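Novice: Please see the structure below; I have some questions.
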Amino acid sequence: MKGKVIKTGIAVVISIGLFVGGAAISGADKTINWGKEGEITSIYAALSTLDGKLGIKQTELKTAKDALVAAEAASKTSKTELDQLKQTNDSLKSQVSELTATVSRKDAEVQQKNGEIQQKNGEIQQKIAEIQQKIEEGNQKVAAKQKEFDAKQAELNTANEKLAAATQTIAQYTTDKRNLQTSLESLKADNDETKIKLEKAQKEVQDLKDYASQLENKYK
Numbered sequence: 001m002k003g004k005v006i007k008t009g010i011a012v013v014i015s016i017g018l019f020v021g022g023a024a025i026s027g028a029d030k031t032i033n034w035g036k037e038g039e040i041t042s043i044y045a046a047l048s049t050l051d052g053k054l055g056i057k058q059t060e061l062k063t064a065k066d067a068l069v070a071a072e073a074a075s076k077t078s079k080t081e082l083d084q085l086k087q088t089n090d091s092l093k094s095q096v097s098e099l100t101a102t103v104s105r106k107d108a109e110v111q112q113k114n115g116e117i118q119q120k121n122g123e124i125q126q127k128i129a130e131i132q133q134k135i136e137e138g139n140q141k142v143a144a145k146q147k148e149f150d151a152k153q154a155e156l157n158t159a160n161e162k163l164a165a166a167t168q169t170i171a172q173y174t175t176d177k178r179n180l181q182t183s184l185e186s187l188k189a190d191n192d193e194t195k196i197k198l199e200k201a202q203k204e205v206q207d208l209k210d211y212a213s214q215l216e217n218k219y220k
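In terms of my numbering, the sequence shown opens at residue 1 and continues consecutively.
Following this line, the structure appears as structure tokens:
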């Protein structure tokens, strides 16, 4: 774009120079050959017109140069901005690449962790199944022990009932024994009294026998 504008400006200047130079040569030739003042005046008028046009073209050229300078400055600014944008874009691409690599690495780590988690879940499920089986076995043992305990408790209740009955019987027997012992003591007391009376009677009888024997011996 910059080269094209420069080439266009140079072409305009060359064209104007050739045009003015050609007109001056042509006018001089006519003055020499014909010496016509009217034509000279016309040539001056043409030159004046060309000068005006040249001024306009020079102004346009200056405007074009200014525009070119502005365009060059804008181009430099745009190039700087473009370079900055490219640099920023390259940095972003680098960041994206790093992030992509990080994401890939993290995804691999996640996949690895998922594998470990699935393995742990499998182990946990196996442990749960083993524990559940042990719980079932424990429940069966508890049920068997409960049944055995209930049977033992029933036997114990029966034994307690028998013990209570035996205790009651023993208490009755103890009461009866006490009553019998009381009766026995009373009978013993009566028996002792009877023995005393019997011994007294036996003594009296013996005394009578002795007395009778004495009498018998006396009257023989």
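Backbone N, C-alpha and C define an ideal beta-carbon position, used for all residues, glycine too. In this text the structure is predicted, and so the values were computed from the model without any measurement.
Threshold first: 3 residues or longer. Then list the beta strand (DSSP E) segments lying entirely within the stretch 42-77, N to C.
Specialist: Correct list: empty.
Novice: CA-CA distance, GLN87 and SER78?
Specialist: Spanning the two alpha carbons is a distance of roughly 14 Å.
Novice: Note down the Cα distance separating LYS83 from ALA74, rounded to an integer number of angstroms.
Specialist: Checking the sequence shown, residue 83 turns out to be Asp, not Lys. Their backbone Cα atoms lie some 14 Å apart in a straight line.
Novice: In or out: ASN33 buried (at least 16 other Cβ within 10 Å) or exposed?
Specialist: Low local confidence applies: a pLDDT of 47 at ASN33 is under 50, so the model's placement there is unreliable, with the coordinate-based value given in what follows. Exposed, by the Cβ-count rule.
Novice: Quick check: what's the CA-CA separation for ASP176 versus SER186?
Specialist: Each residue's Cα considered, the two are about 15 Å apart.
Novice: If you draw a straight line from the alpha carbon of LEU68 to that of THR59, how long is it in whole angstroms?
Specialist: In a straight line, the C-alpha of LEU68 is about 14 Å away from that of THR59.
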